[in-house]
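Numbering (the working numbering), first residue to last: 251 to 429.
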């Protein structure tokens, strides 16, 4: 952190620090320390979002986004859920067409994707209206949340994610679907 204070514009250093935060967050989550995991994850997400704005095509940023997906997947698997991941809209829609999921967690901002999360939400709700979709975003606004909900999203959760909030929202969405 001292180096970062001396070199605030050093994007490589910021990326390395974000990766360290991500690793600490994952270790804390795996050890059951949810509070530490969430606070450390917030720091990692903040740094990553800054890096995405400054270096959106960086392979390191792409790798970090994949790590975020993986961390969410690990949390869900630990809770007994079966998880499939998609890195972009084409992979997502292909997976849905192969086998419709019970529930979707969909990020609004998708790197290297021809559709954003709102477009995917519209498509899925048109073809599979009964799939509950939870929208997540680190770039969301109240307007985006309202739009997503009007389009059929079950809920909208801002990043950094609270694993507790995410799990409660998933349980509520699945319970409503069963009714």
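No residue lacks a Cβ here, since even glycine has one placed at the ideal position from N, Cα and C. Source: prediction; values computed, not measured.
If you check the beta carbons only, do residue i and residue j fall under 9 Å apart?
| i | j | result |
| --- | --- | --- |
| residue 354 | residue 325 | no |
| residue 349 | residue 417 | no |
| residue 386 | residue 414 | no |
| residue 368 | residue 394 | yes |
| residue 420 | residue 374 | no |
| residue 356 | residue 342 | yes |
| residue 323 | residue 333 | yes |
Name, in chain order, the residues that DSSP records as bridge partners for residue i.
| i | result |
| --- | --- |
| residue 387 | 408 |
| residue 354 | 383 |
So which of the options has the shortest CA-CA distance to residue i?
| i | options | result |
| --- | --- | --- |
| residue 389 | 374, 377, 366 | 366 |
| residue 424 | 351, 320, 369, 321 | 351 |
| residue 426 | 381, 401, 334 | 381 |
| residue 359 | 391, 404, 401 | 391 |
| residue 249 | 347, 327, 331, 364 | Here the chain has residues from 251 to 429 only, and residue 249 is not among them. |
| residue 431 | 401, 397, 361, 357 | Because residue 431 is not part of the residues shown, which for the chain are 251 to 429, the question remains open. |
| residue 403 | 334, 428, 323, 379 | 379 |
| residue 339 | 318, 319, 371 | 371 |
Check: Can you list the beta strand (DSSP E) stretches of 3 or more residues lying completely in the stretch 329-376, in chain order?
Finding: Listed in chain order, they are 354-357.
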